[in-house]
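Peer 1: Counting from 1, position 28 in the sequence shown corresponds to residue 32 in my numbering; the numbering is continuous, with no gaps.
Here a beta-carbon is modelled for each residue, glycine too, at the ideal position from N, C-alpha and C.
Note that the structure is predicted; figures quoted are calculated from it, not measured.
Dropping a structure here in structure tokens format, bear with me for questions.
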Amino acid sequence: MQTEPYTYPAEPEDALSSGALLQEIVRCLVDDPYAVSVAERVDEGTLVMSVVVAEDDIGKVAGKAGKTVDLITRLLGRIEGRAKRKVAIKIIRPKRGET
């Protein structure tokens with residue numbers, strides 16, 4: 005029995021934006037998923053995503069020597085590559101009293 009290969013639609017209606025995907029990935033990594041927020045902006049062709057997490061979770065998102073955040077950046081970069089945009093992720097410390 006031969007099956008046809010699956011082809012992905014060009015723009016699926018239920019696809020997550022890169023920011024929403026980043027937020028879901030980060031929420032899976034941290035101890036306090038409710039403290040996670042993501043803001044997006046485009047700066048000179050680069051999608052810059054700022055991630056705010058609880059103070060105790062910054063290391064979990066960054067990873068040893070920045071490997072975790074680098075891997076997430078590469079993954080999202082592959083997705084955004086279709087739109088000819090680079091990706092940068094900034095991990096922001098929460099303001100005092102926010103967490």
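Whose C-alpha, out of V42, V46, D35, R45, is nearest the C-alpha of A58?
Peer 2: D35
Peer 1: In the region 35-95, which residue ranges form an unbroken beta strand (DSSP E) of at least 3 residues, counting only runs that do not cross its ends?
Peer 2: Correct list: 41-47, 50-56.
Peer 1: Sort L20, S21, V30, A24 by Cα distance to L75 and report the nearest one.
Peer 2: V30
Peer 1: Excluding the 5 residues flanking V46 on each side, which residues of the same chain have their C-beta closer than 8 Å to its C-beta?
Peer 2: V52, R89
Peer 1: On the criterion of 16 or more Cβ atoms from any shown chain inside 10 Å, does L26 qualify as buried, or is it exposed?
Peer 2: buried
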